[in-house]
Amino acid sequence: MEDAMTKDLIANQLVRYLEERGVTHVFGLCGHTNIAVLSAMANTRLRFVNVRHEQIAAHAADGYARATGRASVLLSHLSPGLTNAATGVANAALDCIPMVVIAGDVPSYYYGKHPHQEVNLHADASQYEIYRPFVKRAWRVDTPELFPEIVEKAFQLAESGQPGPVLVNVPMDVFSTGIDVALFDRLRGNTKALAKPSIDDETARAIVARLAEARDPLIYAGGGVALARAWDELRAFVDHMQIPVAHSLMGKGVLPDDHPLVLGMTGFWGTQFTNDRCMRADWVLGLGTRFKEADCSSWYPDYTFDFPPSKLIHIDIEPSEIGRNFPTEIGAVADLKQALKVLNRAAREMLPQGRGNPGLAAAIADHRAAFKASNREMETSSAFPMMPERILADLRAVMPRDAFLTTDVGWNKNGVGQQFPIYEPGSILTPGGFATMGFGPSAALGVKLAHPDRAVISLVGDGGFGQNPAVLATAAAEGLGVVWVVMNNNAFGTIAGLQKAHYGLTYGTTFPKTEGEQTPDYAAIARAYGVEGVRLRAAEEFRPALEAAIASGRPTVIDVAMVNNPTPTSGHWDILNIYSPDRHVGHVSTD
Numbered sequence: 002m003e004d005a006m007t008k009d010l011i012a013n014q015l016v017r018y019l020e021e022r023g024v025t026h027v028f029g030l031c032g033h034t035n036i037a038v039l040s041a042m043a044n045t046r047l048r049f050v051n052v053r054h055e056q057i058a059a060h061a062a063d064g065y066a067r068a069t070g071r072a073s074v075l076l077s078h079l080s081p082g083l084t085n086a087a088t089g090v091a092n093a094a095l096d097c098i099p100m101v102v103i104a105g106d107v108p109s110y111y112y113g114k115h116p117h118q119e120v121n122l123h124a125d126a127s128q129y130e131i132y133r134p135f136v137k138r139a140w141r142v143d144t145p146e147l148f149p150e151i152v153e154k155a156f157q158l159a160e161s162g163q164p165g166p167v168l169v170n171v172p173m174d175v176f177s178t179g180i181d182v183a184l185f186d187r188l189r190g191n192t193k194a195l196a197k198p199s200i201d202d203e204t205a206r207a208i209v210a211r212l213a214e215a216r217d218p219l220i221y222a223g224g225g226v227a228l229a230r231a232w233d234e235l236r237a238f239v240d241h242m243q244i245p246v247a248h249s250l251m252g253k254g255v256l257p258d259d260h261p262l263v264l265g266m267t268g269f270w271g272t273q274f275t276n277d278r279c280m281r282a283d284w285v286l287g288l289g290t291r292f293k294e295a296d297c298s299s300w301y302p303d304y305t306f307d308f309p310p311s312k313l314i315h316i317d318i319e320p321s322e323i324g325r326n327f328p329t330e331i332g333a334v335a336d337l338k339q340a341l342k343v344l345n346r347a348a349r350e351m352l353p354q355g356r357g358n359p360g361l362a363a364a365i366a367d368h369r370a371a372f373k374a375s376n377r378e379m380e381t382s383s384a385f386p387m388m389p390e391r392i393l394a395d396l397r398a399v400m401p402r403d404a405f406l407t408t409d410v411g412w413n414k415n416g417v418g419q420q421f422p423i424y425e426p427g428s429i430l431t432p433g434g435f436a437t438m439g440f441g442p443s444a445a446l447g448v449k450l451a452h453p454d455r456a457v458i459s460l461v462g463d464g465g466f467g468q469n470p471a472v473l474a475t476a477a478a479e480g481l482g483v484v485w486v487v488m489n490n491n492a493f494g495t496i497a498g499l500q501k502a503h504y505g506l507t508y509g510t511t512f513p514k515t516e517g518e519q520t521p522d523y524a525a526i527a528r529a530y531g532v533e534g535v536r537l538r539a540a541e542e543f544r545p546a547l548e549a550a551i552a553s554g555r556p557t558v559i560d561v562a563m564v565n566n567p568t569p570t571s572g573h574w575d576i577l578n579i580y581s582p583d584r585h586v587g588h589v590s591t592d
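So for the sequence shown, this note's numbering puts the first residue at 2; every next one is plus one.
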C-alpha cells in the first residue's frame, strides 16, 4: 500500500524553498504568468521589490548579488517581460554575477497554438532559448515533479565555478500544479555551498619561486578577486612579497587605492605610469582576469602588456580564460580565495622574512603626488558647467570611506577607474563586459537593500540616467536613500567626443538645450516621483548639496551640469585605427 502523499501548489513550495535557502528579496514585475508566485509570497518573509521596468529589476538584482556575494532572484513575466530584462541579465552574465531568473511562460498545453504573448515564430516551446547565448544554463520545466530538482541545480550552478545567471522557464500552469511536498523536502539535506577548488603546494611553490627570482614582478588583479572575496588574502600576499599591483577596470578596489603598492588601472584609460610598469614586468601574476581589450590596449604590444618577453602566470576559476589572450607559462584553475591562502602559506615557508623591494613604495607615492598635482587646476576649477575632475574630487571628499559607489558608462566609469580612489574592497560596482547604460542607477537599489546602513552613491551620466528614470519610483516606494549624481553634459559624452575627434561633428550623439540648459531637468523629474531633486547653478553648490543628501537618508537626485571634456587616455584602442588610420587622435571636448 502506497504512503499517502501531501501535495501543495508549486508556487507555495517555491516560496518556502526560497525562504529556507535564506533568500530575502525577489526582484521583478508582475504579469499574468507569475502572479501565482507573487500571491504565494504575500505575508511571507520574502520581500518583493516592485519595479516599473524589467531592466531595472535585473540591474537591481545584479547590484544586490554583487553586494551580498550570493545569487539574487529575478521573477519575470513571459515574452516582453523576459526580453525587457534580457539586457540586465546579460550585463550580469558578462560580469559573472550569480542570479537565478524564474520566468513564467504560456500554459504548457497551449505550446505552439500562439496563445497571448507566446514567442513561437521559429519553434514551439522555445521562449527559454532567448537567454541561451548569455546564461550559464536555461531550463524549460516540462514536468512539474522535476521543478524542485531544477531550482536546486539552478542556484548551485549560478554560484559555483565562474558565477553567472541561469534561467528557469516555467509554464504558468506548472506554478499552479500540486506536487508531493516530499520532492522539495528532500532537498533540505543537500549542501547549499560547494567547496571551492584550490591549487596544490607544488604549484604554489613554483609560482612563489618565479616571483621571488623575478627582476620586476607585477600582480595584475581582475574582477575574479572581488567575486571570490579574496581581498584579505591578496593584501597579505602583496604585503609579504612586496609586489606592485595593477588592476583591470573590474579589479578596481580589490585593494584600497591608498595601499602603498597599488599602481592603478591599466589600458586605454589607465595612467602612463601604470602601463609602463606593466610593460617592464618580467613576470606577471594574473589573478581572476580575462585581460580584456580596453584593459590591455586592444592587446597591442607597445602600450600595456608585452607577452613575451614578459612571462605570465594566470590563475582563474574558469579554464577557458587561461591563455585566451596571452601565452601563459603557468596556468592554474582555482578559486582565488583558496589559491591565495595556499600561496600565502608557501610564501611564508619559502621566504620567512618576505621579499624586499626597496624604493617601490616611494616611486608609487611620487607618481600619485604628480598625478594629483596635474589634476589640481581641474579639481579646483570654479567653472560652471563643472569640470568632471572637480565633480569626482568633491564627491570623494564628501563620500564616506565605506560608502558604495555604482558607476555607469562614460566619465563616471572610465574617469572613476583612473582617478577616483576606492578605499573599501567590494564597494564599487561597475558594468564591465557589457558596459550597459542604465546599470548604475538601478544597481544602486539592490546595493541599498543589501546594506541599508551604508551610504550608496550612483554616479551616472545624463545618457545613462535617462535610460530608466522610473528607478525613482521604486526608490520612493521602498524608501531607499540612494543619492544619484547625474554628470549632465547634455550628450552621450564619450561617443560625442569620439565622433567629434574623428568626423568633426556630433550628429546623433548630443541632446538639444532649452535656453542654454540641459534637458530634461532631472531634478524636476525626481520631484515628480516623490524624490528629492536638486539642480545646481554653480560649482560651489555641489559639495553642500551632496553632504545634505547623504545626511538626509532620503533618495535624492543631484543634477550637475558638466563640461564634456574627454577622460584622459594613455593606452590604445583599436577603434581609433579603424576611424583614423593615419592620424593619432582619440576623443575631444564637445563643449
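Where is the CB? At the ideal position from N, CA and C, for every residue including glycine.
Nothing here was measured: the structure is a model prediction, and the numbers come from that model.
{"query": "Does the separation of the CB atoms of Tyr132 and Pro166 fall below 9 angstroms?", "result": "yes"}
{"query": "Between the C-alpha atoms of Phe512 and Ala527, what's the straight-line distance to the nearest angstrom?", "result": "20 angstroms"}
{"query": "Pull the bridge partners of Phe405 from the DSSP assignment, please.", "result": "Val457"}
{"query": "Can you give the Cα-Cα distance for Arg584 and Gln500, rounded to whole angstroms?", "result": "14 angstroms"}
{"query": "Measure the C-alpha to C-alpha separation of Ala394 and Arg544 and round it to an integer number of angstroms.", "result": "10 angstroms"}
{"query": "Since I believe Glu153 is in contact with Leu184 (beta carbons under 8 angstroms), could you give me their beta-carbon distance rounded to a whole number of angstroms?", "result": "About 10 angstroms; that fails the 8 angstroms criterion."}
{"query": "Hey, Gly113 and Ala444: beta-carbon distance below 9 angstroms or not?", "result": "no"}
{"query": "Can you find the residues in the same chain that come closer than 7 angstroms, C-beta to C-beta, to Ala215, ignoring five residues on each side of it along the sequence?", "result": "Asp283 and Trp284"}
{"query": "My understanding is that Arg391 touches Glu380, with C-beta atoms under 8 angstroms, so please give their C-beta distance in whole angstroms.", "result": "5 angstroms"}
{"query": "In chain order, what residues of the same chain have a beta carbon less than 6 angstroms from the beta carbon of Ala222, not counting five sequence neighbours either side?", "result": "Val246, His248, Gly252, Val255 and Leu288"}
{"query": "Under 9 angstroms, do Ser73 and Phe28 count as touching if we go by C-beta distance?", "result": "yes"}
{"query": "Counting only the same chain and skipping the five closest in sequence on each side, list residues whose C-beta sits under 6 angstroms from that of Arg555.", "result": "Gly482 and Glu533"}
{"query": "Given this structure, state the Cα-to-Cα distance separating Met2 from Gly179, to the nearest angstrom.", "result": "Confidence in Met2 is poor, its pLDDT being 37 and thus under 50, which makes the residue's placement unreliable; the coordinate value appears in the next sentence. Taking the straight line joining both Cα atoms gives about 22 angstroms."}
{"query": "Answer yes if the segment 305 to 319 comes into contact with the segment 158 to 176, meaning at least three C-beta pairs across the two stretches below 8 angstroms, and no otherwise.", "result": "yes"}
{"query": "If you follow the beta strand (DSSP E) that Glu533 is part of, which residue opens it and which one closes it?", "result": "Glu533 to Arg536"}
{"query": "Counting Cβ pairs, one atom from each stretch, are 3 or more of them under 8 angstroms apart for the segment 546 to 555 and the segment 262 to 276?", "result": "no"}
{"query": "Could you check if Glu341 is buried or exposed, using at least 16 other CB atoms within 10 Å of its CB as the buried criterion?", "result": "Looking at the sequence provided, one finds Leu at residue 341 rather than Glu. Classification of Leu341: buried, given that the 10 Å Cβ count is 16 or more."}
{"query": "Exposed or buried, Pro432, counting other C-beta atoms within 10 Å across all chains shown (16 or more means buried)?", "result": "buried"}
{"query": "When you compare only the Cα positions, how much space is there between Leu577 and Val586?", "result": "7 angstroms"}
{"query": "Taking three-plus beta-carbon pairs below 8 angstroms as touching, is the segment 81 to 96 in contact with the segment 421 to 441?", "result": "yes"}
{"query": "Give me the residue from Pro134, Val169 and Ser127 with the minimum Cα distance to Glu150.", "result": "Val169"}
{"query": "Specify whether the segment 475 to 491 and the segment 554 to 568 touch according to this definition: at least 3 beta carbon pairs, one from each stretch, less than 8 angstroms apart.", "result": "yes"}
{"query": "Excluding the five sequence neighbours on either side, which residues of its own chain have a C-beta within less than 6 angstroms of the C-beta of Asp258, listed in chain order?", "result": "Pro422 and Ile423"}
{"query": "For Leu122, is the classification buried or exposed, using 16 other Cβ atoms within 10 angstroms of its Cβ as the cut-off for buried?", "result": "exposed"}
{"query": "Using 10 angstroms around the beta-carbon of Asn469, count the other beta-carbons present and answer buried if the total reaches 16, otherwise exposed.", "result": "buried"}
{"query": "Hey, is Phe156's beta-carbon within less than 9 angstroms of any beta-carbon in chain B?", "result": "Annotation note: the requested chain B is absent from the structure, which comprises a single protein chain."}
{"query": "Since Asp560 and Arg538 should fall inside the 8 angstroms C-beta cutoff, what is the C-beta to C-beta distance between them, to a whole number of angstroms?", "result": "Actually they are not in contact, since the Cβ atoms of Asp560 and Arg538 sit about 10 angstroms apart, beyond 8 angstroms."}
{"query": "Three-state secondary structure (DSSP) at Tyr504?", "result": "helix"}
{"query": "Which ranges does the alpha helix (DSSP H) cover as unbroken runs of at least 4 residues, wholly within the segment 5 to 82, from first to last along the chain?", "result": "11 to 22, 36 to 42 and 55 to 69"}
{"query": "Tell me, please, whether the segment 485 to 505 touches the segment 458 to 469 by the rule of three or more beta-carbon pairs shorter than 8 angstroms.", "result": "yes"}
{"query": "Decide if Gln354 is buried, meaning its Cβ has at least 16 other Cβ atoms within 10 Å, or exposed.", "result": "exposed"}
{"query": "Is the beta carbon of Thr407 closer than 9 angstroms to that of Val448?", "result": "yes"}
{"query": "Given Glu34, which residues of its chain have a CB within under 7 angstroms of its CB, disregarding the five upstream and five downstream residues?", "result": "Looking at the sequence shown, residue 34 is not Glu but Thr. Taken in chain order, the residues that qualify are His78, Leu79, Gly105, Asp106 and Met173."}
{"query": "Terminal residues of the continuous alpha helix (DSSP H) containing Asp575?", "result": "Asp575 to Tyr580"}
{"query": "What are the residues that DSSP puts in a beta bridge with Thr511?", "result": "Ala492"}
{"query": "Measuring only the C-alpha atoms, how far is Ser40 from Asp9?", "result": "14 angstroms"}
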